[in-house]
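First the structure, in the form of structure tokens, and then the observations on it.
Residue numbers (full-length UniProt numbering): 1 to 313.
So, in structure tokens, the structure goes:
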């Protein structure tokens, strides 16, 4: 079968290659992949900046159908529709331990939507589990990427007043945020975010910041606009170590907490949200390419020409 694999440790040593179809073990399931999303981690693997074993298939945000189960597998059967978040999604088939982050999905959720469950769960973890947003809270979400747009939607479901920020080139994403129900969107290169926040909060600052840009500017802005005893939840990953004004954090009793990944219960809650159509996912999918055109998909993702890009094996 064809799959995208890492064939060496140097930058760029990733290719679509013919590899043996995986064999299902007694405690494993064999999944026919129907859709897999390209993540920033995949770009880092391609660039050689993220560790990845030679010979391992890329792709960790995917959905599909179970085609075979091992003799000791329980809870799954051939024909089950599932989503997962571990490696192997950029190939026609993958084999996984049956208890290794595989979740049933109902017929109401398309394979394309299910491929975005992983970033949706990451966003839900940052909003629900880490930030514990309350109805009426003013929440600033920095960065209108997929996770930022998901975080905004989940914050709205929690009853928050939402502000989403981006830069001028994010115009299309900001318009989508408005369509998805964001209360306020703002271009930080052209508009005054501090004025908006202080007017909206009577000068106290926002209750919570969800920082999704992984930039020094985003961190600085978030802390500057955070109220006394407020929380900044850091979701974006920094390319280099940021500088933090700890004096401000101490004197204003602020909290900074990191948020990555999720737990199994968050997955189940997000599947339920999609099943009940309470979160919009299809709108976040901007491009779909066949697996053979993976380089186009990676380029679109790298250049930020869309939101989430799917590859279809």
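The C-beta atom is built at its ideal place from N, Cα and C for all residues, glycine as well.
Every value quoted in this text rests on a predicted model; they were computed, and no experiment measured them.
Residue 37 is bridged by DSSP to 310. Going by C-alpha positions, residue 191 is about 27 angstroms away from residue 240.
Annotation: the continuous beta strand (DSSP E) that includes residue 3 extends over 2-6. Between the alpha carbons of residue 194 and residue 263 lies a distance of about 35 angstroms. Between the region 66-82 and the region 35-53 there are fewer than three C-beta pairs closer than 8 angstroms, too few to call the two in contact. For residue 98, the CB contacts under 8 angstroms within the same chain, skipping 5 residues up- and downstream, are 27, 28, 29, 69, 70, 73, 74, 75 and 76 in chain order.
Each of 304, 34, 221 and 225 was checked against the Cα of residue 200, and the nearest Cα belongs to 225. Here residue 125 is buried, its C-beta having at least 16 other C-beta atoms within 10 Å.
Counting along the chain, residue 230 sits inside the beta strand (DSSP E) bounded by residues 226-234.
Judged by DSSP secondary structure, residue 197 falls within the alpha helix (DSSP H) whose first and last residues are 193-200.
For residue 182, same chain residues with a beta-carbon under 6 angstroms away, outside a window of 5 residues either side, are 152, 162 and 164 in chain order. DSSP places residue 179 in the helix class (H, G or I) of the three-state scheme.
In the structure shown, the three-state DSSP call for residue 290 is strand.
Spatial neighbours of residue 292 in its own chain (CB-CB distance under 8 angstroms, excluding positions within 5 residues in sequence) are listed in chain order as 2 and 16. For residue 81, the uninterrupted beta strand (DSSP E) run begins and ends at 81-84, by DSSP.
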